[in-house]
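Residue numbers (the working numbering), protein chains in the order written: chain A, 40 to 285; chain B, 355 to 676.
Here a beta-carbon is modelled for each residue, glycine too, at the ideal position from N, C-alpha and C.
Quick notes on the structure that follows.
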Amino acid sequence: MGEPVAPLTPPLIQRAALGRAIALGLWALVLLRSVADGRLDLLLRAAFHPLVALAGLLLLGLAGLQLALGLQPEGATERLRPRQAWNLAATAVLAGMLLMLPPSPSFATLAGQRPPDRTAVTAPDAELSFTLPPAQRSLTDWVRLLRSQPDPRLFDGDPVRISGFVLPQPDAPPQLARLLVRCCLADAAPVGLPVRWPPATTPPQADQWLAIEGVMALEGPPGSEQLVVVPREVQVIPRPARPLEP
Amino acid sequence: MPSPATSLANAWALFQGLLIEALPFLLIGVLISALARWLSPGGGWLRQLPSDPLLGPLTGAGLGFALPACECGNVPVARQMLVAGAPLGTALGFLFAAPVLNPIVLASTFAAFPDQPWLLLARPVGAVMVAVGLSLLLRLIPEPELLRPELLAERRLNQPLTSVSLLERSGGLLGPPQSAPPPAPPPRPSPGELIRHGANEFLGLALLLVLGCLIAALVQTFVPRGWLLAVGSAPTLSVVALMLLAWVVSVCSSVDAFLALSFAAQVTPGALLAFLLLGPVIDLKLLGLLGLLFRPVGLALTAAGASLLVLLIGQWVNLWRL
């Protein structure tokens, strides 16, 4: 009796600062988790990954500083205003959704809605593909090479070892394709190679990832031939860790 | 036709891509804004910038070279300029032109289009023309009708009593300004105050960015891009189509040149320039962020004015280049 009772709720300054620290920490968690769980490989060009990690670490540091400053006794005058409380709640809901629901896009659908990439040999590392042995060229290398050297007869019979996802075509058999990104998934554009699918097998499913070994062959009437991939072996593979190409 | 579940999954992935890419740039902008508050607490030098209708926006545009941020990072910096009492035209010139007139964006444009020297010149020149035009347009509206009330209240406190009445300022000292001693410069904010302010700014802007990214992702998912590029060779329609694309795609100005490269061969030169000019000024992702500065009428005028100016520039380029 007569003993002062300690308040059950923290002082107002601590609540407001605590709210900010939690919200900053949640954004930091979203960014750092995106770096750690590999989802960035599905969303952003690799050049941006360090920037995201750095931003996550900075936000984490700011959250820590905010927490430390908020716990200091002076200036206990700041209320957690309704608007700040609403912001904190919205941030928490959003961060929870971002953390729990990783992206799972359909590359074939995305690619189907976009015109193919028309970048020719001006791409930064396109010239490297000239020096690579044919069997080491990626699908993107092949597409760029064929654009820079439009005579398809030069590559007739070359060995091919490529991987990509199955991209259905409106009036033609499905192609094997990749998505190129300059920045993030929002600007991804497809590049694809026509494939002469083995007639006896069932047609491949859209979005299925395949590794194909085979050769390049000419197809079409004389004078307007185009190269197609003739598979010797087709293997279903899981989606690669880094499915987007620069 | 993709199933609704597939479309939603794609929209969710696009949303995450846009948001996670933009958040670091937003943080950079908030940090620059906080640094400016610390280095120049009252922002006195900003009030000394020219308020001339033409020279003001040009000066603001030139500041882009000193603060290399894309359009997301620019918003908090421009807000800080307005709060510090910078002339309206100067702050708007910075807001609209700096996303193009900075070293990173000019270098990326050069990297994407090394063989098109006219574009390397036309992009910064066009950006300055759009910024000056928009500044002149928005100056026609009184500040209380243009700027958000919270921003205006903060701005009024930093404007001299010779230009703002006590009633407008909602506070201050009575007396003739010429006889009063010069006010002492405000103290440098404490680290705690700086962090509190920066954190509040980042958290508020991040949620607005979320809104913009969400709209952009949904529109991208449900409006096939091929529709917009289908009219690539028509002089006027191609400009309009690429402007719509810039609205929808909402990528940062530091990388949009590489995106433009992927369809440069399919569209007219004027349309290409229109894409590179409009995106840094306004797009779906920016709508929320700009809503922190402008009232709806200012936002609508910015959107309409920028679109009209860019359309005119694109048309003119097509007359010249085609």
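4 or more residues per run - each alpha helix (DSSP H) lying fully within the segment 55 to 121 of chain A: 79 to 82, 88 to 109
Range of the contiguous alpha helix (DSSP H) that encloses B:L627: 623 to 632
Counted within 10 angstroms of its Cβ, other Cβ atoms place B:E317 as buried (16 or more) or exposed: Absent from the model: residue 317 of chain B. The displayed extent of chain B is 355 to 676, so no value can be given.
Beta-carbon proximity check, B:S596 vs B:F629, cutoff 8 Å: Reading off the sequence shown, one finds Leu at residue 596 of chain B, where the question assumed Ser. The answer is yes: Cβ separation under 8 Å.
Beta-carbon proximity check, A:A227 vs A:L283, cutoff 8 Å: yes
CB contact below 8 Å: B:G371 versus chain A: yes
Cα-Cα separation between A:Q105 and B:E547, rounded to whole angstroms: 10 Å
Same chain only: Cβ atoms within 8 Å of A:V74, ignoring 5 sequence neighbours per side: H88, V91, A92, G95
Below-8 Å beta-carbon distance, B:N672 vs any chain A residue: no
Close beta carbons around B:T463, own chain, < 8 Å, minus the five adjacent residues each side: L473, L474, R477, A611, L630
Stretch-stretch touch, CB-based, cutoff 8 Å, three pairs: the segment 366 to 374 of chain B with the segment 132 to 144 of chain A: yes
Under 9 Å by beta carbon: chain C residues contacting B:E499: Going by chain labels, chain C is absent from the structure shown, which instead holds the protein chains A and B.
Beta carbon of B:V459 nearer than 8 Å to that of B:S607: yes
Beta-ladder partner(s) of A:W293, from DSSP: Shown here, chain A extends from 40 to 285; a query on residue 293 of chain A therefore has no answer.
Paired residues, beta bridge with A:G231 - DSSP: A:A216
Identified DSSP bridge partners for A:Q291: Nothing can be reported for residue 291 of chain A, as the shown portion of chain A is limited to 40 through 285.
Cβ contact (3+ pairs, closer than 8 Å) linking the segment 249 to 256 of chain A and the segment 187 to 204 of chain A: yes
Option in B:L655, B:F467, B:A614, B:I495 with minimal Cα separation from B:V484: B:L655
Reference A:A56, options A:T241, A:A107, A:D76, closest by Cα: A:A107
Contact check, B:R391 vs B:L442, beta carbons under 8 Å: no
For B:A465 and B:P471, the rounded distance between their alpha carbons: 11 Å
B:L326 and A:A102 closer than 8 Å at C-beta: As displayed, chain B neither begins before 355 nor continues past 676, which places residue 326 of chain B out of reach and without an answer.
Chain-ordered chain B contacts of A:Q105 [CB-CB under 7 Å]: I549, A553
Neighbour flag for A:L184 against chain B, beta carbons, 8 Å: no
Among B:A438, B:V454, B:P404, B:L403, nearest to B:F419 - alpha-carbon criterion: B:V454
Option nearest A:D210 by Cα separation, candidates A:P233, A:P191, A:L119, A:L218: A:P233
Local conformation of B:C424 per DSSP, three classes: coil
Start and end residues, alpha helix (DSSP H) containing B:R510: 503 to 512
Counterpart residues of A:Q274 in DSSP-defined beta bridges: A:A250
Pick from B:G410, B:V384, B:L377 that is closest to A:L68, judged by C-alpha positions: B:L377
Three-way DSSP call (helix, strand, coil) for A:C222 in this model: coil
Interfacial residues, the segment 358 to 392 of chain B to chain A, with Cβ spacing under 7 Å: T360, A363, N364, W366, A367, L368, Q370, G371, L372, I374, E375, L377, P378, L381
Interface flag, A:D226 vs chain B, CB-CB below 8 Å: yes
Residue-chain proximity (A:R59, chain B), Cβ-Cβ < 8 Å: yes
Spatial distance of B:S394 from B:R509 (CA atoms): 15 Å
Cβ contact check for the segment 559 to 566 of chain B and the segment 632 to 648 of chain B: 3 or more pairs under 8 Å: yes
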